[in-house]
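Peer 1: A single structure is presented below for examination.
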Amino acid sequence: MERLIFHVDVNSAYLSWEAARRVAEGGEDLRLIPAAIGGDPENRTGVILAKSIPAKKYNIRTGEPVALALRKCPGLVLARPDFRLYEKNSKAFMDICRRYAPVVEKFSIDECFLDMTGTEKIYPQPLAVAHTIRQTIREELGFTVNIGVSTNKLLAKMASDFEKPDKVHTLFPEEIRLKLWPLPVGALFSVGQATAEKLQRARICTIGDLAATELSRLQTLVGRKLGGQLHAYANGQDNSPVSAEPEEAKGFSVSITLAENVLDMETASKILLELADSVTARMRASHARAYCVSVSIRSSDFHNRSHQKKLEEPTDITKEVYEISKALLADLWKSRTPLRLLGISLTQIVHEDAVQMSFFQDAQKEKARKLDRTLDAIRSRYGADTVKRGSTCQTDLQVGRRYRAQMENKEE
Numbered sequence: 243m244e245r246l247i248f249h250v251d252v253n254s255a256y257l258s259w260e261a262a263r264r265v266a267e268g269g270e271d272l273r274l275i276p277a278a279i280g281g282d283p284e285n286r287t288g289v290i291l292a293k294s295i296p297a298k299k300y301n302i303r304t305g306e307p308v309a310l311a312l313r314k315c316p317g318l319v320l321a322r323p324d325f326r327l328y329e330k331n332s333k334a335f336m337d338i339c340r341r342y343a344p345v346v347e348k349f350s351i352d353e354c355f356l357d358m359t360g361t362e363k364i365y366p367q368p369l370a371v372a373h374t375i376r377q378t379i380r381e382e383l384g385f386t387v388n389i390g391v392s393t394n395k396l397l398a399k400m401a402s403d404f405e406k407p408d409k410v411h412t413l414f415p416e417e418i419r420l421k422l423w424p425l426p427v428g429a430l431f432s433v434g435q436a437t438a439e440k441l442q443r444a445r446i447c448t449i450g451d452l453a454a455t456e457l458s459r460l461q462t463l464v465g466r467k468l469g470g471q472l473h474a475y476a477n478g479q480d481n482s483p484v485s486a487e488p489e490e491a492k493g494f495s496v497s498i499t500l501a502e503n504v505l506d507m508e509t510a511s512k513i514l515l516e517l518a519d520s521v522t523a524r525m526r527a528s529h530a531r532a533y534c535v536s537v538s539i540r541s542s543d544f545h546n547r548s549h550q551k552k553l554e555e556p557t558d559i560t561k562e563v564y565e566i567s568k569a570l571l572a573d574l575w576k577s578r579t580p581l582r583l584l585g586i587s588l589t590q591i592v593h594e595d596a597v598q599m600s601f602f603q604d605a606q607k608e609k610a611r612k613l614d615r616t617l618d619a620i621r622s623r624y625g626a627d628t629v630k631r632g633s634t635c636q637t638d639l640q641v642g643r644r645y646r647a648q649m650e651n652k653e654e
């Protein structure tokens, strides 16, 4: 049976979610004016994480400093990142997808794959149900998505990146020559900037050029593994399954796919603090503690690696998870290959009530735990940025805050 796969991708997710909230509250639609998400609007610091279509006319770019964006467009409306809002909307649109698809795979905070194979008797017209999903998300949640439709995940994802916003596109195998091959080689999923430049120097400028290149030559240019993958992708080949999260898994994780490469430990540590702050807060809200801390990375060449540490006593303390994560990253990332993804996972979970209290309980840990819970309560009531951490972590937290909007949280 031929597969039927949808890829659902939120249009300008961070900005769309903030815009939808403001419209629901009677405010102005940020999607219709020069607007952006990022940094601290009051202090004009941080970087641009997302922008509206009108903002593009001023050549405002994702990843550039807020101060530079404001020089380009003095009237630019800035909104502070709100990761709790993003988590809420991410869950909401994926819940709608689950109404229609038997299997849904969360690919990132703003995109997912739907395996619609075998639903032909329920939905005889694939494009019709794709439009129904698109319209339902827009009407119920107030923001738009693109949906790509094909026979595998790669082609569906490529299709969803065609004309935006609020569109459904197909990219079936018989359409590859017309729709995929004319695109620049850098548009192919998993082709980074450095790889694209290397291919272009070899006069491989379009995806069609890549598809026609001999496999052996391609592997000589970019390596055996990546060369094989790119050759298959350029020819529309991808057999990877759509995999739902296993319900029986027990743990909490958070990750961030970076808009720009991270090259130094100082910057990576600042991001780790944000990740640790986020994932431990969710674990404390569930009255849980973890015996195992894991750090995962993805380098710019798309290689994934991870290290973990098992603890003698379970923890839910932000500072402890942060310090362990820093040590794991230092050991894991000795090569300093540019980073594209950072993640922290907390596993081997126990309920806090199951933790036996020791007579010689560490006073410093209990003090840190009380501080964490106090911050949780204040942030829950007044907002994530109401209070900042004191201690030596304060500077790191202020700088790392710009990455918060991009974080992808999971309960496993």
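Here the sequence shown is numbered in this note's numbering, starting from 243 and rising by one per residue. By construction, the Cβ of each residue, glycine as well, lies at the ideal position given by its N, Cα and C atoms.
Quick one: residues in its chain with C-beta nearer than 8 Å to the C-beta of E489, no 5 flanking neighbours on either side, listed in chain order?
Peer 2: Confidence at E489 is low in this model, with a pLDDT of 43, below 50, so its placement is unreliable and no value can be given for it.
Peer 1: What number of angstroms, rounded off, separates the C-alpha of H249 from the C-alpha of Q606?
Peer 2: Those two C-alpha atoms are separated by around 48 Å.
Peer 1: Could you give the first and the last residue of the continuous beta strand (DSSP E) run that contains V496?
Peer 2: V496 -> beta strand (DSSP E) spans 493 to 504.
Peer 1: I'd like to know whether the C-beta atoms of Y300 and L274 end up nearer to each other than 9 Å.
Peer 2: Cβ distance not < 9 Å, so Y300 and L274 don't count as in contact.
Peer 1: Per DSSP, which one or two residues make a beta bridge with V537?
Peer 2: H549, I586, per the DSSP bridge assignment.
Peer 1: At 3 residues or longer, and completely inside the stretch 263 to 322: list those beta strand (DSSP E) runs for me, N to C.
Peer 2: As far as the stretch 263 to 322 is concerned, its whole beta strand (DSSP E) runs of at least 3 residues are 277 to 279, 319 to 321.
Peer 1: Using DSSP bridges, identify the partner residues of D357.
Peer 2: Looking at the DSSP assignment, D357 forms a beta bridge with I247, V345.
Peer 1: Rounded to whole angstroms, what's the CA-CA distance from Y365 to G281? Just pull it up for me.
Peer 2: Straight-line Cα distance between these residues: approximately 44 Å.
Peer 1: Could you please give the first and the last residue of the uninterrupted beta strand (DSSP E) stretch that includes H411?
Peer 2: Run containing H411: 410 to 412, per the beta strand (DSSP E) assignment.
Peer 1: Ends of the alpha helix (DSSP H) at I389?
Peer 2: From DSSP, I389 is part of no alpha helix (DSSP H) but of the beta strand (DSSP E) over 387 to 392.
Peer 1: Who pairs with H593 in a beta bridge, going by DSSP?
Peer 2: Answer is A530, bridged to H593.
Peer 1: By alpha-carbon positions, which one of S511, T361, D506, E329 ends up nearest to M243?
Peer 2: Ranking S511, T361, D506, E329 by Cα distance to M243 puts T361 first.
Peer 1: Excluding the five sequence neighbours on either side, which residues of its own chain have a C-beta within less than 8 Å of the C-beta of F544, listed in chain order?
Peer 2: Around F544: S432, G434, L468, R582.
Peer 1: For K314, collect the residues of the same chain with a Cβ closer than 8 Å to its Cβ; drop the 5 residues on either side in sequence, then sort them by chain order.
Peer 2: These residues qualify, in order along the chain: Y300, N301, I302.
Peer 1: Helix, strand or coil for S350? Go by DSSP, reduced to three states.
Peer 2: Here S350 sits in strand by DSSP.
Peer 1: Determine contact between the stretch 376 to 395 and the stretch 461 to 475, defined as no fewer than three beta-carbon pairs at a distance below 8 Å.
Peer 2: No contact exists between the stretch 376 to 395 and the stretch 461 to 475.
Peer 1: Is it the case that the stretch 555 to 570 contacts the stretch 467 to 487, given that we only count it when at least three CB pairs across the two stretches are under 8 Å?
Peer 2: No, they do not touch.
Peer 1: What did DSSP end up calling L468 once you bin it into helix, strand or coil?
Peer 2: In this structure, L468 counts as helix in the three-state DSSP scheme.
Peer 1: What does the alpha-carbon distance come out to for the pair E417 and A454?
Peer 2: Near 16 Å, if we compare the C-alpha coordinates of A454 and E417.
Peer 1: Could you please give the first and the last residue of the uninterrupted alpha helix (DSSP H) stretch that includes D573?
Peer 2: D573 -> alpha helix (DSSP H) spans 560 to 574.
Peer 1: By DSSP's criteria, V521 is part of a beta bridge. Which residues make up the other side?
Peer 2: For V521, which the question treats as bridged, DSSP gives no partner whatsoever.
Peer 1: Return the chain-ordered list of same chain residues with a C-beta closer than 6 Å to the C-beta of A664, the five sequence neighbours on each side being excluded.
Peer 2: Nothing can be reported for residue 664: it is not among the residues displayed for the chain, which extend from 243 to 654.
Peer 1: Quick check: the stretch 401 to 408 against the stretch 508 to 528, are at least 3 beta-carbon pairs closer than 8 Å?
Peer 2: Contact fails: fewer than three Cβ-Cβ distances are below 8 Å.
Peer 1: CB-CB under 6 Å to K561, same chain, minus the five flanking residues each way: which ones, in chain order?
Peer 2: A610, listed in sequence order.
Peer 1: Could you spell out the range, first to last residue, of the alpha helix (DSSP H) harbouring L452?
Peer 2: Per DSSP, L452 belongs to the alpha helix (DSSP H) from 449 to 454.
Peer 1: Which of helix, strand or coil does DSSP assign to V371?
Peer 2: The answer is helix: DSSP assigns V371 an H, G or I state.
Peer 1: Under 9 Å between the Cβ atoms of H549 and L574?
Peer 2: Yes, the Cβ-Cβ distance between H549 and L574 is below 9 Å.
Peer 1: On the CB-based measure, 16 or more other CB atoms within 10 Å of its CB, does H529 come out buried or exposed?
Peer 2: Counting Cβ neighbours within 10 Å, H529 comes out exposed, since fewer than 16 surround it.
Peer 1: Could you work out which residue in I559, A518, Y533 is closest to I586 when comparing CA atoms only?
Peer 2: Nearest C-alpha to I586: A518.
Peer 1: State the beta-bridge partners of T557 as determined by DSSP.
Peer 2: In the DSSP output, where bridge partners are listed per residue, T557 has A532.
Peer 1: So if DSSP puts V252 in a beta bridge, which residue, or which two residues, is it bridged to?
Peer 2: Looking at the DSSP assignment, V252 forms a beta bridge with V387.
Peer 1: Determine the burial state of G268: buried for a count of at least 16 other Cβ atoms within 10 Å of its Cβ, exposed for fewer.
Peer 2: Answer is exposed; the Cβ neighbour count stays below 16.
Peer 1: Among the residues of its own chain, which have a CB less than 8 Å from the CB of R340, if the five just before and after it don't count?
Peer 2: Cβ neighbours of R340 beyond the five flanking positions: V346.
Peer 1: Any idea which residues DSSP pairs L581 with across the strands?
Peer 2: Partner(s): V504, S541.
Peer 1: Using a Cβ-Cβ cutoff of less than 6 Å, which residues in the same chain neighbour S536 once the five nearest sequence positions on both sides are dropped?
Peer 2: Around S536: S548, Q550, S587.
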